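So for the sequence shown, our numbering puts the first residue at 45; every next one is plus one.
In this text, a Cβ means the ideal position worked out from N, Cα and C, and glycines have one as well.
Keep in mind the model is a prediction, meaning the values are calculated, not measured.
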Amino acid sequence: MHYIRLLRPPSVCQLGQASSSLGLVLTITTDLGESFLAPDAPIDIAVELVVETIEDEVDEPRDGENDDEKPHTKKVVKTRVINLPLSASSTASTGKASRANRVQKSAAAVGSRAPSWRAGLRVLKVDAWLSKDAEYCVWGTPLRPTLTVMKRRICIRTADKKLSATRARQLFDSSSADSGHGDGSIMPLWLDVPDTADKEFPRVALRQLLLHDGVAASGAGACLATCVEVEEDIGESIARHVWDAGLMAVAFLADTCLEQLLSPRRLQEEDQDRQNAPSAEPSSLSESLHGILLSQQIQESGKPLRVLELGSGVGILGLGLAAIIQEARRRAFYLNQARDCNTMFVLTDLPDAEEHARANMARSSAVSLQYENLDWEDGRVGRFGPVVAGNNIGPESGNTWDLVVLSDCTYNVDMLPALVETLVALSSLNRAQDAQPLSVFLARKPRHVSEEALFSLMAAHGWTVAASKAVRLPVLHGDAEVVELFLYVKAQG
């Protein structure tokens with residue numbers, strides 16, 4: 045899996061009466077930046093300008109209807125996508141070049157071959173040219189006072205859309221044998237464009253993943269109900285970025301809860317299975333997770349679902365799962381299977397992750413979300429804040445958790461003992477309330493043999509693997525890689 049990244053925010057060069065340009069300095073690397081994409085053939089890059097507006101539209105009476113009826117006005121969301129001409133640039137990093145030289149490049153860029161990423165590259169500098177029409181769409185005064193600009197964004201992706209990872213089903217599709225064979229192997233990047241040309245671009249970029257195929261994916265994004273969107277840092281740091289295991293875990297959960305299991309036929313089959321064999325154990329990771337995440341929400345008592353994420357980082361796993369559950373509930377409502385029940389997701393991490401986590405929570409329209417700082421050195425001795433401990437929640441919920449989720453948290457082997465003991469302390473919260481045993485969903489990308497110490501630590505503390513699955517990563521022109529998914533349970537006692 046590879047990611048398009050910007051090494052610095054775009055620079056704007058205004059050229060007077062000629063078109064302006066955006067200077068982009070990008071790279072394509074793995075999630076930790078330890079290697080660069082080395083394709084067998086050059087991969088063309090595309091840049092789209094996406095402007096989303098809300099406009100008043102007059103709904104005229106149809107032919108044959110009452111001619112005396114007055115037309116009424118309705119609000120309509122419209123999206124305009126403009127493909128920007130590109131040219132390779134040696135000045136994108138500073139934006140410095142003579143006006144005449146850049147104007148000449150602008151003319152040459154139109155109709156020329158798009159800049160390409162080739163094997164051996166570490167950095168690609170690109171100028172994206174904005175025509176006057178594109179400039180006006182982004183920074184011009186609206187032609188009508190009834191038009192409101194909602195979003196101004198730049199999308200940087202591969203010109204071949206099949207290679208761009210925009211949909212969860214490209215990353216994992218249980219109905220296809222081709223998952224992981226190159227399609228969806230390069231993740232695009234989105235950026236919010238400032239509302240005036242003289243303002244600097246923000247120092248954060250956006251990642252989006254469409255969770256199911258109910259809405260077509262494009263550079264314009266998708267509705268919040270079906271799309272998870274998170275911001276991450278621009279630059280070479282890897283600490284606040286989306287990583288492979290979290291992304292693949294979200295794709296697997298979307299397949300489990302939305303594409304694979306939540307259909308009228310499947311629901312009827314599950315009801316019949318429970319009647320015939322109520323004590324039977326689930327036979328797969330998908331069915332096990334479905335039983336935790338959806339059964340008690342859709343078929344059973346309506347007990348509130350409480351999910352806790354450890355080491356959330358930018359929040360891709362927790363926020364993705366929250367959006368998935370919300371969409372599952374929406375579908376279940378139309379199947380007359382939904383109940384009025386609460387759902388709570390809590391993200392936790394160290395204090396330096398809080399800013400991005402809270403910003404991404406604000407971007408989400410998902411069910412109840414909270415954040416609390418949690419150091420595993422505190423967690424291992426049962427020292428939790430009021431949100432995790434449940435002290436600020438009514439007695440109907442108590443301080444028990446249905447599921448703990450975590451991804452990409454095993455790379456620092458020195459912290460594994462603290463992590464496992466934090467899980468033990470969380471399990472003790474359930475035991476103190478005579479609640480069901482705690483379940484833990486863990487996603488990891490194997491990177492070093494030393495990380496396997498996790499398994500012996502978990503076993504030593506009484507955790508057993510209830511189900512597991514190895515999911516193949518989409519990789520273009522590289523060695524096969526997997527993300528390992530585990531569901532752990534800890535019996536009471």
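Residue i by DSSP, collapsed to three states: which one?
| i | result |
| --- | --- |
| Q343 | Model confidence at Q343 stands at a pLDDT of 49, short of 50, so the residue's coordinates are unreliable and nothing is read from them. |
| K513 | strand |
| V56 | strand |
| H256 | coil |
| M292 | helix |
| V272 | strand |
| C181 | helix |
| K534 | strand |
| K195 | strand |
| A503 | helix |
| R374 | helix |
| K24 | The question about residue 24 has no answer here: the residues shown for the chain are numbered 45 through 537. |
| D88 | strand |
| L306 | Per-residue confidence for L306 stands at a pLDDT of 46, beneath the threshold of 50, marking its modelled position as unreliable; no derived number is given. |
| G228 | coil |
| S219 | coil |
| S494 | helix |
| V519 | coil |
| V167 | coil |
| A261 | Note that A261 has pLDDT 38, beneath the 50 cutoff, so the model's placement of it is unreliable and no number is given. |
| V102 | strand |
| D239 | coil |
| T454 | coil |
| L365 | helix |
| L76 | coil |
| L250 | strand |
| L93 | strand |
| A524 | coil |
| A298 | helix |
| A266 | Because the pLDDT of A266 is 38, which lies under 50, any placement of that residue in the model is unreliable, and the number read from its coordinates should be weighed accordingly. Three-state result, A266: coil. |
| E314 | Caution applies to E314, whose pLDDT of 49 falls short of 50 and renders its modelled position unreliable; the model cannot decide the point. |
| M388 | strand |
Please look up how many angstroms separate the CB atoms of residue i and residue j, rounded, as I've assumed it's under 8 Å.
| i | j | result |
| --- | --- | --- |
| Q58 | A241 | 6 Å |
| T444 | L418 | The Cβ separation is near 17 Å, so there is no contact. |
| V527 | K489 | 5 Å |
| S472 | G426 | 7 Å |
| L498 | V515 | Contact doesn't hold; Cβ gap of about 18 Å is too wide. |
| V94 | V167 | Their Cβ separation, rounded to whole angstroms, is 25 Å, which puts V94 and V167 out of contact at 8 Å. |
| T97 | V193 | 5 Å |
| V182 | V237 | 6 Å |
In the DSSP assignment, the beta strand (DSSP E) including residue i goes from what residue to what residue?
| i | result |
| --- | --- |
| K206 | Segment: none, K206 is in no beta strand (DSSP E) and carries neither H nor E. |
| K118 | 116-127 |
| R49 | 46-50 |
| S131 | 130-132 |
| E69 | Checking the displayed sequence, the identity of residue 69 turns out to be Val instead of Glu. Element bounds for V69: 64-73. |
| L337 | L337 -> no beta strand (DSSP E), and no H or E assigned at all. |
| V351 | 349-353 |
| L482 | Looking at the DSSP string, L482 is not in any beta strand (DSSP E), and its letter there is neither H nor E. |
| L233 | 233-236 |
Starting from residue i, follow the alpha helix (DSSP H) in both directions and report where the run begins and ends.
| i | result |
| --- | --- |
| L467 | 460-476 |
| H285 | Here H285 belongs to no alpha helix (DSSP H), and DSSP marks it neither H nor E. |
| S332 | 329-334 |
So, do the stretch 269-286 and the stretch 518-525 have three or more beta carbon pairs nearer to each other than 8 Å?
The stretch 269-286 vs the stretch 518-525: no contact.
Are three or more beta carbon pairs between the stretch 400-419 and the stretch 442-458 nearer than 8 Å?
no
Could you give the uninterrupted runs of the alpha helix (DSSP H) lying entirely in the stretch 391-451, keeping only those of 4 residues or more?
For the stretch 391-451, the continuous alpha helix (DSSP H) assignments of 4+ residues that do not extend past its boundaries occur at 398-407, 420-423, 430-433, in sequence order.
Under 8 Å: do the stretch 472-491 and the stretch 288-298 share three or more Cβ pairs, one atom per stretch?
Yes: at least three Cβ pairs fall under 8 Å.
Is the stretch 162-177 touching the stretch 74-85 in the sense that three or more CB pairs, one from each, lie closer than 8 Å?
Touching, per the Cβ criterion.
Touch test, the stretch 70-79 against the stretch 171-185, Cβ-Cβ under 8 Å, three pairs minimum:
Output reads no: the stretch 171-185 does not touch the stretch 70-79.
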